[in-house]
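For reference, the structure is listed below as structure tokens.
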Amino acid sequence: MLGLRGASAPDSRGNRLCHEGAQPAWPPCRSRWNVPMLNAAALRDFRAIVGPDNACDDPATCYSYGWNAGLGGLPKPNRLADIPPVGIVLPGSTEEVQAIVLACLKHNIRFKSHSTGWGSFASVASPNSISIDLRRMNRIEAIDERNQMAVIQPYVTAGQLQAEAMKRGLNCHIVGAGLTHSPLASAAAFIGIGITGTTTGNNARNLLSLEWVTPEGEIVRIGSSGSGAGWFTGEGPGPGFRGMIRGFVGTIGELGVFTQIGYKLYPWPGPKALERTGRHPQTGITIPEHFRLYHMVWSNWEGVSRAAYDFNKSGVAYVLLRLPPNTFGALLTATNNEFHKLVTAADAPDIVRDTDSHRHSWTLLTAASSKAEAAYKARVVRDIIERTGGRETTLDPAHKELIAHLLLTSISVPRALRPSASMASSFGGFVPFAKMPRMMEAGASVLKDDIQPGGDLAQGSSEEFWVWPNERRQMWAENAFSYDVNAVRSRGAAIRVALDQGNMIDAASDLGFDGFGAIGPLADFYGPAGNGASTWMRRIKHRFDPRAVNEAAFYIGRDLPWIAKYWPFLRKVLFFRPFRPIFRQITRVLAAVGVGIVLKKRRKWVDRGAGL
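Numbered per the working numbering, the sequence shown spans residues 44 to 655.
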């Protein structure tokens with residue numbers, strides 16, 4: 044139930060009563076929330092499109108769509124977004140999405156769509172905006188076993204698709220957000236990197252044909268579906284559109300609505316269903332027959348790098364992942380108290396020991412279709428470990444089951460959020476494995492003393508890097524760290540790390556591509572070094588959203604923010620070592636008053652553009 048199902052008729056004073064008749068509902072009580080009201084005519088139109096049960100302007104419901112998860116949001120103490128949506132609309136079809144967008148244009152209302160809503164990216168960020176919640180569009184339209192692909196809608200989750208695909212000997216890519224994320228959202232609109240990338244690629248490349256409702260309300264089918272030829276490819280003769288509508292990072296729900304896609308699947312040599320073990324929240328899986336799990340350590344990053352090349356070149360890795368020891372500690376325990384006991388125990392398992400002799404690691408899952416293939420891969424793994432100077436560590440059987448669950452379903456992010464409930468991530472570097480030592484050094488230099496006991500961030504491993512291969516070609520590396528959302532100094536440190544890492548990658552030629560450097564205002568700070576990416580992003584936004592009806596907080600602003608114009612000069616000052624104390628104070632001020640104040644002028648264009 045979204046909002047008013049079962050509500051009574053208004054009483055003599057106009058108050059609509061809830062089902063029990065105990066409390067007056069909205070709009071009479073809206074003044075207590077200080078929430079702008081949705082245009083009554085617009086609400087009538089939305090309800091005519093989707094039905095009265097699927098459109099709502101109830102403030103309590105609206106605020107629930109403005110939860111600041113700390114992941115993808117600006118560090119701040121308030122868990123509720125500064126600007127909630129003025130209404131929620133739940134379409135059930137592409138045609139209803141189109142009608143909603145046209146209604147927004149008619150009534151000068153902005154919109155932001157989302158699938159499962161993982162992270163703060165799903166929230167609206169400007170006044171008079173509605174949230175288009177795509178949860179009713181949750182169907183797997185088809186799974187084509189022969190061509191190893193599926194046709195899916197926005198609210199199909201990775202867990203739902205994986206369960207159905209495994210029944211047919213197939214598997215899907217799962218991004219770091221885990222089983223509850225939307226493969227359509229990550230394929231069509233946001234990055235799409237995940238720990239199974241060794242064998243399942245990344246979702247930017249798993250996207251096949253797609254259906255798109257533009258910000259002007261036009262339904263566009265890109266690729267083979269546009270010719271009625273199925274959903275097997277997103278490209279055809281002439282220029283491709285995938286680079287425009289998503290590039291690497293994606294438009295994050297701010298360039299129309301993607302309503303259906305063709306999606307690539309991959310062979311799965313395991314059982315038709317994973318057998319669960321343990322009890323929630325410590326749910327593991329029985330490691331399938333002919334699968335083997337290894338946790339290996341080396342004395343330095345150079346050994347880890349050499350082993351990575353061999354694991355990928357030989358093809359033995361089904362999943363290859365490096366996590367910091369403290370992250371494994373969170374994965375293997377149910378509570379923070381259990382975590383502390385585990386990692387501080389004298390007999391702590393090797394996998395959670397945060398020392399130089401245990402930090403340089405890979406966790407590897409091999410998969411085979413037969414006993415002979417499994418034995419061959421085991422010999423190859425042992426040979427690579429020996430030749431690169433590594434050693435295999437012993438894992439508790441229960442821990443093995445939990446780790447196997449992680450590797451196949453990417454359940455790590457919810458556990459990583461547990462220590463402080465606020466997590467940030469930086470770098471997102473695409474680099475060759477040979478650069479692994481340099482990347483680790485860079486991560487440690489950015490976090491420095493802030494990650495140590497008494498620092499401004501939550502205590503963690505020195506560099507906090509999560510690393511895995513992307514299509515066996517290069518490594519993806521991002522350092523995920525926690526901070527205290529209630530402490531100004533901790534929020535300031537999170538902002539400082541984000542700016543530091545962006546500047547470091549932008550200034551250095553040996554740290555590869557910054558996967559997070561094209562999100563929101565960072566695109567204008569660091570875009571000029573990326574072949575002018577921000578300029579092209581802005582041109583695309585102007586062309587397809589001329590009336591600025593679609594949100595533009597995380598993709599690109601219509602105009603260059605004032606601070607970006609002075610950024611070439613400011614960065615020389617802020618990152619100059621003698622000025623570091625001033626830089627630290629500036630980030631604390633930003634954390635206290637809000638980053639949005641600095642970008643205030645950027646918001647004004649949205650108001651003008653939508654005619655408000």
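Cβ atoms here follow ideal geometry from the backbone N, Cα and C, with glycine treated the same way.
Distances from the CA of residue 202 to each of 181, 188, 167, 190 were compared; the closest alpha carbon is that of 181.
Burial of residue 311 is indicated by the presence of at least 16 other C-beta atoms within 10 angstroms of its C-beta. DSSP places residue 308 in the coil class of the three-state scheme, outside both helix and strand. DSSP places residue 576 inside the alpha helix (DSSP H), whose first and last residues are 576-587.
For residue 272, the number of other beta carbons within 10 angstroms of its own is below 16, and it is reported as exposed. Taking every protein chain shown into account, the CB of residue 592 has 16 or more other CB atoms within 10 angstroms, so this residue is buried. In this structure residue 408 is not in contact with residue 377, their Cβ atoms being roughly 23 Å apart against a cut-off of 8 Å. Rounded to whole angstroms, the separation of the alpha carbons of residue 403 and residue 176 is 42 Å.
Distance from the CA of residue 137 to the CA of residue 343, rounded to the nearest whole angstrom, comes to 53 Å.
Residue 522 is classed as buried because its beta carbon has at least 16 other beta carbons within 10 Å across all chains shown. Under the Cβ criterion (8 Å, minimum of three pairs), the region 551-565 does not count as touching the region 504-515. Going by DSSP, residue 423 is part of the alpha helix (DSSP H) stretching over 414-430. Setting aside the 5 residues that flank it on each side, residue 420 is surrounded in the same chain by 335, 359, 409, 411, each with a C-beta closer than 8 Å to its C-beta; the list follows chain order.
Setting aside the 5 residues that flank it on each side, residue 433 is surrounded in the same chain by 339, 340, 341, 346, 350, each with a C-beta closer than 7 Å to its C-beta; the list follows chain order. In the displayed model, residue 482 falls within a helix according to three-state DSSP. Nearest to residue 169 by C-alpha distance, out of 304, 600, 605, 622, is 600. Boundaries of the beta strand (DSSP E) harbouring residue 508: 508-513, taken from the DSSP string. Excluding its 5 nearest sequence neighbours in each direction, residue 584 has C-beta neighbours in its own chain below 6 Å: 599, listed in chain order. In the three-state scheme derived from DSSP, where H, G and I count as helix and E and B as strand, residue 338 is classed as strand.
Contiguous alpha helix (DSSP H) elements confined to the region 240-313 occur at 240-243, 246-249, 285-288, taking only those with 4 or more residues.
DSSP assignment within the region 539-576 yields no whole beta strand (DSSP E) run of 3 residues or more.
Looking at the DSSP output, residue 174 shares a beta bridge with 131, 155.
Across the structure, residue 178 and residue 131 are spaced so that their CA atoms are roughly 12 Å apart. Taking all protein chains shown into account, residue 605 has fewer than 16 neighbouring C-beta atoms within 10 Å of its C-beta and is therefore exposed.
For residue 194, the closest of 212, 210, 304 by C-alpha to C-alpha distance is 304. According to the DSSP assignment, residue 466 belongs to the beta strand (DSSP E) that extends over 466-474.
A contact is defined here as three or more CB-CB pairs under 8 Å, and the region 387-403 fails this definition with respect to the region 420-429. In this structure, residue 462 places its C-beta atom within 7 Å of the C-beta atom of residue 501.
Distance from the CA atom of residue 217 to the CA atom of residue 167, rounded to whole angstroms, is 25 Å. If you draw a straight line from the Cα of residue 631 to the Cα of residue 619, it is about 18 Å long. Distances from the CA of residue 90 to each of 372, 140, 454, 442 were compared; the closest alpha carbon is that of 140. Here residue 232 is near residue 294, since their CB atoms are less than 7 Å apart. A direct Cα-Cα distance of roughly 40 Å separates residue 278 from residue 319. In this structure, DSSP gives residue 147 a helical state, which the three-state scheme calls helix.
Assignment of residue 321 by DSSP, reduced to helix, strand and coil, places it in the strand class. Contact annotation: residue 369 and residue 471 have beta-carbon atoms that are not nearer than 7 Å.
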